Each structure stands twice: as structure tokens, then as C-alpha cells.
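Numbering (the UniProt record's numbering), first residue to last: 1 to 708.
For reference, the structure discussed in these notes is given below.
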């Protein structure tokens, strides 16, 4: 069993996405993935250590690999000075009590228990050794009782935990966990054995111990086993593939078993990629402080919007690690990813992707399908209209998406009926301009080919064209931005090029789309909206939604529209998500800022945010009830000469007048992060991140150090 079609890249238009050839038989696989900080070990021990590492259940966003859970609320710690002074005073009191007992200053009542429970012969006999043992044992018991009481009063246990050896070894490197019990070792594939696949489990366990397996192999074979359990694949085919190819079984169509070079820290067993560390800040919940922060498909499934100025780290600290993680998931058969950004934006090398579309570049192997690979004129018109009129700052009256869809459908339907394809960019521009020649030729072709019923579409188009508020002129101006010499070889509909369409996202494909920025900023925004519209239309129409699909759109200025916000809201139930980065929320129309932040479950504010952007985040994050303490110091006035003398002595010693302190505790409602704090209190290299999982679990806004 290679993949049985479950992970093949489907035909996208004129031909399927090509599969790079698999490595030749007998070639050594790459070295196994090493856990962070572990040196290479060819015997597979590093892979086994990673596989057996503890991954306790944790709150949303916590890096689970090696995580040590903490209480949800911070324990009340006694100040160190007060704790140590109390321990010393308790020891001195205990020593004083023991001295008084030993010297007989407290009388002989403390020996009454010994006299009551022991015979007189034991205490008054001639056996000096026995008497000594009896009395000194009793003294020891009394001393231990005093020591126990003093230790409880002086909180010596807390002193030991905070300042003793337990505190010294807390920061030390944890020891490797003990070997798992027989039958519980994940390297032995117990689930395969439980369902009768003993030979396959033996082969995989042997390759794990000899260093031939890596984390991507483990995740990919686990995904294939899920297909067996769900009935997509057969047990016989799975077992045969594993026995034949070992850890290289069930390959990705590209044949790759890892990315060329990893930059971020990944844990494919939990599906997480580590972004940074939650700061030890009072505004962070105690259970998050000092914990690693990570994202996975369970969080990306609610979509994410990140806002920060240029240079704040959106691409390097967020988009690039996520793209790398999703590409690894794609190699494991778990996800499909589309990364969109400007050429040279640094969203991953070309070798990490199966398809690289470089719009406007003459060396691009692939083209971009302007109509999303659909054959339905109405669907193609809706997608194209969303791309063309999405960001018009002062839209022409009536140039909304619905009217634009109607105009395009009136032209695309008749054209496809005649030519069995959609018009190219120059042809579409001529039709929208209402040039008499192309319209007359199309009308004649409809009559000659027996599609006279579609003439009424052209009649309606000609009637609307005569009105001064016709939207076709606006659409023609937008299409003209794509009708440039730089794009002459792109958006071909004749079948001569190799167009890629997002209909391929029902397979684990890795796609990178480079948008032209220099001199073609308006065209880039149109293409970005086109990709977003095609993505939401394609993933919501998939039948198999177990394959996670994600669109990473770096720099989404001018992309957000009312229809795209509605599309993002539908992605959670479709097993998909989008990641949008913005330099400022001013790049989003004011009426859409609230709906955009409400439609995305994960929101990220980087350092350097403006107070106006911070206000939008503060509103969506809301407020919380906190406990505040108001402390009032009132000077004490002495009434007697002795009191005045004591107050004078105290002032000489402490340098302050004697005061009485009054503390008032209140519950008040305060913003989780105010606009001013987001603009001025987020250090460089940090961000504030709130999270929501697809199951509805929430994490409050967290201050995250992205450099650790």
C-alpha cells in the first residue's frame, strides 16, 4: 500500500500536481529527529526518548512536551524576611522551653507521663544502663515533640522547600523517565498489536530502536493506521506496506520524509509548534507563567489574526514556524497548507513545498487558476467578484459583491457554453468594457452552437450597460490591473499552462504562492482576495474534513471583506482555518474590524501596536473582576508621657512616625489589557496572545516572549 489514493494530490485542471520521485530503494533514510538539545545518537535512543517523554494534559496553548503542571492559582507566599525571622524566633522559643524543662524551672509535671506508664522498678532499679536508656529515650521524645511543634509554628517545611535543596534542583535538567512497563511502550506500537498487526508492529519497533525512524514517519504511519480503523484502508494493505517499506511506508506523494532544515521546535506527537514562553508577569495566569506557548491544529482551526507594525516579528516569529509545522503535518498526511506572501517574504524555501506559484515571474512552473478550477459559471462569478471589488475604498454605487456576481455570471455563462472554457483576462476585460465586436461575436456563436436560450443573458447585460450606474466599468478597471505584460503568461484558460487550483486541498499538498509586490500592489491585493475566496469555497465543499486545511496569508491588507468574514466563520466546522497578519487594523474597514476579531478564535497583538488598534483588542478581550487593596496609614498620637517616649524611640530607630494601617479590599472590574498597556507595556520581541480551541476552551490574553 503506497497511499491508496488517500494522500495523493488530485488533478487540479489539465493535469495532476506532479509527484517528485521517491528515493531509490536501499538509500539510507535521514537521521531521526532529535529532541531539543539532544546530540545525535545513531542507535535511535534520541527518537525513543522523544517518543517516551511525558506530555501531560495542559491548558490551551501550553507546550506539552516535558511540561510540569502548576496550580491554576498562585499560592500565597509569605515574604522571605518574615518567613525566615519567624523560623528563627520559633527555634529560639523552642530552645528556651527545652532549657527551662531541662533545668527544672517548670517543675516536675512533665515527667508525670513516664511515671504513669512505667513501673517504679524501671526508674529506681539498680540497672544504671537501663535507667539511662529509659530516661534519655524519654528526653528525646520530649525534645522531638517540642521540635515538631516549633517546626509547625515556624513553618520550617516551607523554608526547606523555598531555600533548601528542593529549590536548588528545581532548575536542573530533569532526569530521563524510567523505561515504560511491558505492553505500554509507544515504540512497540501496542495499538497495532491489540488489533492483530503483530508483524507490522515488530518491524516498526525494530526500526525505531535502530535509528531508522523519525517523528514524521511515526506521525505518517499513525495517520495511515487511523485510515485502517475508520475503514478507509484495509488492514492487509497496511501490513503489507509496512512489511515491505518499514518506516518509509505510506509515503507522501512527494516521497519526502522531512523538510530540508527545521528552524522551529516541533512535537508531531501532539501536533504543536513552539512559539515562545509565557512571561512571568502578574497579568498572566499563574498556571501559564514560565510555560512554553505553542500552537496546533486544534487552535488554528478557529483561525488567527495577528496585528503588529513592520519589524515586530509577525513573519519570522509566527508565519514561518506555522508554515514549517503545517508542511510537516502535510508530510504526515494530516494537513494541507497554502502559504501566501510577497516574493522573498521568508515563508519557507521552495524545497519545502510541492507547488510554488510565482505570479508574475517568468520562471514560475505553475500558473494560478483565476476561476478556482470550477466549471460552474455562477460559482466562478461569485469567487471572481469577491476578488475584484473587495477593497474599493469609495465603491461605485451598486458595486457590491452581489451585483458584480450577476454581471460576471451574465458573461461567463454564455462564453463557457460556446468555448468550453472561461475567458482569459484580456477577453474578460473586453466583455466587461462592452466592446461591440466581442459581444456580437459571442451572440453569433451562441446562435450557431444551439445555445440561443443564453441570449437573454447578453440582452440583460446590454440593457444594464446603458444605465449610468452599471458596475461593469468598475470590474473592467479592476481586471485591467491583471491585464499587464508582467502577467501575460498567467491566468491562462486555454490549457497551455499548468494552473493550480485550491480544489486540491482534499489531499496533503504543500503550496506556496508568491505575490508580486513591486509595482503591482493593487494586483497583489486582488490575487490575495482571490486565493482567500477560493480557499473558503474549496474547503467548505470537501467531503473528508479529517484532513486539516490552513491558509497562511502574510500581510492581509485590503483582503478582509464582508464575505470573507462570513467565510472565516464557516471554516471551524469544515476542519480548516486561516492565519492573517496585518500591520494595523486600519487596513481593515472600520465596520469589519469587530466582526473580524469576533470571527477568529485566536488573536495576537505584537509589540509596537498603536493605541487605536489596542482599543479594538481591549474591547474584544473584555474585562475581568479583580481584587484590589486600598491601604491607608494613620499616624498614632500618644496621650501619655510613656507612650510619647516609646513613639520617640521608635521614630529614632525606624526613621518613621508610628502609624496604624487600614486595609480595604474591593472587587473591581478592569480591562484584561487596556489600549495603553498594549501600546506601551508590551516589550520588544513580545506579543499578547489569546486562544480558543475548536472544542470551545479558552485561554485569556497572555504576554508571550517570542525570543525564548
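Beta carbons: idealized from backbone N, C-alpha and C, even for Gly.
Everything numeric in this text was worked out from a predicted model, so none of it was measured.
- Beta bridge pairing from DSSP links residue 319 with no other residue.
- Residue 490 and residue 270 have their C-alpha atoms roughly 40 Å apart.
- The closest CA to that of residue 483, considering only 360, 157, 71, is found on 360.
- Collapsing the DSSP output to three states places residue 266 in a strand.
- In summary, residue 668 is exposed, with fewer than 16 beta-carbon neighbours lying within 10 Å of its beta-carbon over all protein chains present.
- The shortest CA-to-CA distance from residue 430 to any of 420, 441, 47 is the one to 441.
- Residue environment for residue 154: buried (at least 16 other C-beta atoms within 10 angstroms of its C-beta).
- Comparing C-alpha distances from residue 220 to each of 281, 251, 199, 194 shows the shortest one belongs to 251.
- Under the Cβ criterion (8 Å, minimum of three pairs), the region 248-265 counts as touching the region 330-345.
- Around the Cβ of residue 411, a 10 Å sphere holds 16 or more other Cβ atoms; the residue is buried.
- Nearest Cα to residue 365 within the set 76, 512, 44: 512.
- In the displayed model, residue 429 falls within a helix according to three-state DSSP.
- For residue 627, the uninterrupted beta strand (DSSP E) segment begins and ends at 623-635.
- Here the C-alpha atom of residue 576 lies approximately 21 Å from the C-alpha atom of residue 62.
- With contacts defined by Cβ atoms closer than 9 Å, residue 356 and residue 322 do not form a contacting pair.
- Residue pairing from DSSP places residue 548 in a beta bridge opposite 335.
- Nearest to residue 66 by alpha-carbon distance, out of 283, 290, 73, is 290.
- Counting only runs that start and end inside the region 458-536, the beta strand (DSSP E) elements of at least 3 residues fall at 510-515.
- If you draw a straight line from the Cα of residue 178 to the Cα of residue 206, it comes to about 20 Å.
- When the alpha-carbon of residue 523 is set against those of 694, 509, 425, 189, the nearest one is in 425.
- Contact check for residue 354 against residue 510 passes: the beta carbons are separated by less than 9 Å.
- According to DSSP, residue 686 shares a beta bridge with 705.
- Only buried fits residue 320, as 16 or more other CB atoms lie within 10 angstroms of its CB.
- Under the DSSP assignment, residue 355 falls in the beta strand (DSSP E) whose first and last residues are 355-358.
- With distances taken between CA atoms, residue 236 lies nearest to 199 out of 70, 199, 210.
- The DSSP-derived three-state label of residue 367 is strand.
- Scanning the region 211-284 for uninterrupted beta strand (DSSP E) segments of 3 residues or longer gives 265-267, 272-278, listed from N- to C-terminal end.
- Cβ-Cβ distances below 6 Å link residue 338 to 511, 551 in the same chain, with the five nearest sequence neighbours on each side left out; the list follows chain order.
- Under DSSP, residue 201 takes part in no beta bridge, so it has no partner.
- Under DSSP, residue 51 shares a beta bridge with no residue.
- In chain order, 691, 693, 697, 699 place their CB closer than 6 Å to the CB of residue 60, counting only its own chain and leaving out the 5 sequence neighbours on each side.
- Within a 10 Å sphere around the beta-carbon of residue 478 sit 16 or more other beta-carbons, which makes this residue buried.
- The alpha-carbon of residue 469 is positioned some 21 Å away from that of residue 481.
- When DSSP states are grouped into helix, strand and coil, residue 374 belongs to the coil group.
- Counting C-beta pairs closer than 8 Å gives fewer than three between the region 441-451 and the region 376-385, which falls short of the contact rule.
- For residue 615 and residue 674, the gap between their C-alpha atoms comes out near 7 Å.
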